[in-house]
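2 protein chains.
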Amino acid sequence: MIRTIFKFYNYYISKDKNFTRKLRPLLGFTPANLKIFKLAFSHKSTSSEKAYAMQNNERLEYLGDAVLGTIVAEYLFKKYPGKNEGFLTKMRSKIVKRKALNKIGDKMGLDVLLNEYNQTRLSRSMLGNAVEALVGAVYLEKGYTGTREFVIQKVLRNYVDVHELETVDDNYKSQLLEWCQKNGRSVSYKLLARYKFEKRDRFKVAVVINGKKMATADDYNKKSAEQTASEKAMQALGILIDD
Amino acid sequence: MIRTIFKFYNYYISKDKNFTRKLRPLLGFTPANLKIFKLAFSHKSTSSEKAYAMQNNERLEYLGDAVLGTIVAEYLFKKYPGKNEGFLTKMRSKIVKRKALNKIGDKMGLDVLLNEYNQTRLSRSMLGNAVEALVGAVYLEKGYTGTREFVIQKVLRNYVDVHELETVDDNYKSQLLEWCQKNGRSVSYKLLARYKFEKRDRFKVAVVINGKKMATADDYNKKSAEQTASEKAMQALGILIDD
């Protein structure tokens, strides 16, 4: 009996040790509250009972999503003192959008940790969610300054090429045009309205495919409105798969 | 000549003193870097020259928007340990959405400070933007912990009734129904698809007004999808004015 308890105890101790060993190089520190970090890798579908509704990573994702967004916002704000809000917002979205987070989670090897605490088959989006939940867990343990250090040193520096992102052009207009040409459809843009908002010109445009209005968008800049409308149209057409 | 310089100097000194006097009760501390706080109240249209593109509050708004979102996210995370991510996200949006921020800026009396540093006529949305820019300015001066204290003590406690927000139901379905009845239009909901996503049921619904599909939305919960679709339809109909 005592031997069984001992074995049982030993099994969990060594599982924890193993988990810590895997986490340490990712985090740059040894986590104190292992429970929170285990939770970060527990997907909703694993805890099916209602009573355990809180025992999954969704609350941590919610927190980590906000914290990560702010750390990246601040990082870019300081890195680019001469750039305007539009540039900063776009760059931030390139770093923290779902697709990018999934890639980061993949490169960090979070699949190994997710497999440890889940019975379900992994999906791409679980990787990005785990990045957010991990940031949430780090935040609860280290606070804002410690989490900023973790995100900048261990995530951005290792897995994000900010300078490359500057030049990546999310050119949805040209992507949509290419797709339409390949699929024998016509595409054009229509200016629906031009109006003043807070003393600045604002444009409402529609993207029209085969004579049908597919999507509309508003912006202070006509080109930007066309880009956004193109992105929406691609989403509606199901040709913009974000993971 | 010396008297003119003195008068000029005195004018700016007393203007600064006056500004500080107005800011102190709002902030709960005496700002050290006045320049940043003045910038928070300088609207884009005031600085028209291209060289001055950075001399307005848009970069501060970008930073403050992120910081405020995280502080509110964390505040709710800790206030409601038993609530799930859906509830927390909804509550957060009720606090930081444009309309709510405009109200907060109004209650804080930011119009007085905006008038001091702007030649343009105030709009409602400038009030909300100023709240964000002010949070950005506080962040640059005080860091995360100091800003959290400011936001919780000086903004949330004074101007946001969190418990009231819990019960406020953004019931777009009933609002839309009421509007349709008043305007002699029919409204119905159509389930377009039910599919599995990450092992969970997901629903795509459309809201149909006078036989025309007005908007669609996806959610894990059919009711929530209908709410979101209703909100989108109200936006499309121009009957959801957000300021």
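If you read the protein sequences in the order shown, they are chains A and B. Using the numbering used here, you'd call the opening residue of the first sequence number 26 and step up by one each time. Using the numbering used here, you'd call the opening residue of the second sequence number 26 and step up by one each time. Yeah, the Cβ is synthetic: ideal placement off N, Cα and C, and Gly gets one too.
C-alpha distance - residue i paired with residue j, whole-angstrom precision
{"i": "A/MET259", "j": "B/ALA240", "result": "17 Å"}
{"i": "B/GLY94", "j": "B/GLY153", "result": "13 Å"}
{"i": "A/GLU174", "j": "A/GLU157", "result": "15 Å"}
{"i": "B/LYS257", "j": "B/LEU113", "result": "21 Å"}
{"i": "B/TYR87", "j": "B/ALA65", "result": "11 Å"}
{"i": "A/VAL180", "j": "B/TYR164", "result": "23 Å"}
{"i": "B/LYS32", "j": "B/LYS60", "result": "21 Å"}
{"i": "A/LEU277", "j": "B/PHE54", "result": "The displayed coordinates of chain A run from 26 to 268. Any statement about residue 277 of chain A would go beyond what the structure contains."}
{"i": "A/ASN127", "j": "A/VAL187", "result": "17 Å"}
{"i": "B/VAL121", "j": "A/LYS207", "result": "43 Å"}
{"i": "A/ASN246", "j": "A/ASN109", "result": "14 Å"}
{"i": "B/SER278", "j": "B/ASN140", "result": "Chain B is shown only over 26 to 268; residue 278 of chain B falls outside these bounds and no answer can be derived."}
{"i": "A/ASN143", "j": "B/CYS205", "result": "47 Å"}
{"i": "A/ARG46", "j": "B/LYS224", "result": "30 Å"}
{"i": "B/LEU217", "j": "B/LEU48", "result": "53 Å"}
{"i": "B/LEU138", "j": "B/ILE177", "result": "21 Å"}
{"i": "A/GLY134", "j": "A/PHE44", "result": "13 Å"}
{"i": "A/GLY130", "j": "A/LEU51", "result": "11 Å"}
{"i": "A/ASN235", "j": "A/LEU265", "result": "19 Å"}
{"i": "B/LYS132", "j": "A/ASP243", "result": "30 Å"}
{"i": "B/ARG210", "j": "B/VAL230", "result": "19 Å"}
{"i": "B/GLY107", "j": "B/GLU99", "result": "14 Å"}
{"i": "A/LYS103", "j": "B/GLY171", "result": "19 Å"}
{"i": "A/ARG117", "j": "B/ARG28", "result": "51 Å"}
Any chain A beta carbon closer than 9 Å to residue i
{"i": "B/GLY236", "result": "no"}
{"i": "B/TYR142", "result": "no"}
{"i": "B/GLY168", "result": "yes"}
{"i": "B/THR253", "result": "no"}
{"i": "B/LEU262", "result": "no"}
Chain B contact for residue i (CB, 9 Å cutoff)
{"i": "A/LYS215", "result": "no"}
{"i": "A/THR145", "result": "yes"}
{"i": "A/TYR164", "result": "yes"}
{"i": "A/ALA78", "result": "Only weak support is given to the placement of A/ALA78: the predicted model assigns it a pLDDT of 45, under 50, and the value that follows is read from those uncertain coordinates. At least one chain B Cβ lies under 9 Å of A/ALA78."}
{"i": "A/SER211", "result": "no"}
{"i": "A/LYS47", "result": "no"}
Listed by chain order, chain B residues near residue i by CB distance under 7 Å
{"i": "A/THR114", "result": "TYR87"}
For residue i, the nearest candidate out of the options (CA to CA)
{"i": "B/VAL124", "options": "B/ARG227, B/VAL185 and B/VAL230", "result": "The displayed chain sequence assigns Lys, not Val, to residue 124 of chain B. It is B/VAL185."}
{"i": "A/SER249", "options": "A/ILE38, A/SER67, A/LYS115 and A/LYS63", "result": "A/LYS115"}
{"i": "B/PRO56", "options": "B/HIS68, B/LYS42 and B/SER67", "result": "B/LYS42"}
{"i": "A/PHE62", "options": "A/ARG146, A/VAL160, A/ILE96 and A/VAL193", "result": "A/VAL160"}
{"i": "A/THR145", "options": "A/HIS68, A/THR253, A/LEU265 and A/LEU138", "result": "A/HIS68"}
{"i": "B/ASP195", "options": "B/ALA91, B/GLU251 and B/ASP90", "result": "B/GLU251"}
{"i": "B/CYS232", "options": "B/GLU189, B/ALA254 and B/SER211", "result": "Here residue 232 of chain B is Val; the residue named in the question, Cys, does not match the sequence. When only C-alpha atoms are compared, the closest one is B/ALA254."}
{"i": "B/LYS119", "options": "B/GLY134, B/LEU101 and B/GLY236", "result": "B/LEU101"}
{"i": "A/ASN82", "options": "A/ILE264, A/LEU202, A/THR192 and A/ALA155", "result": "A/ALA155"}
{"i": "A/SER199", "options": "A/LEU190, A/GLU191 and A/TYR214", "result": "A/TYR214"}
{"i": "A/VAL97", "options": "B/ASP90, B/ARG227, B/MET151 and B/LYS103", "result": "B/ASP90"}
{"i": "A/VAL92", "options": "A/GLY168, A/TYR197 and A/VAL212", "result": "A/GLY168"}
{"i": "A/SER148", "options": "B/LYS221, B/ASN183 and B/LEU202", "result": "B/LYS221"}
Residues of the segment 80-112 of chain B whose Cβ lies closer than 7 Å to any Cβ of chain A, in chain order: GLU83, ARG84, GLU86, TYR87, LEU88, ALA91, VAL92, GLY94, THR95, ALA98, GLU99, PHE102, GLY107, ASN109 and GLU110
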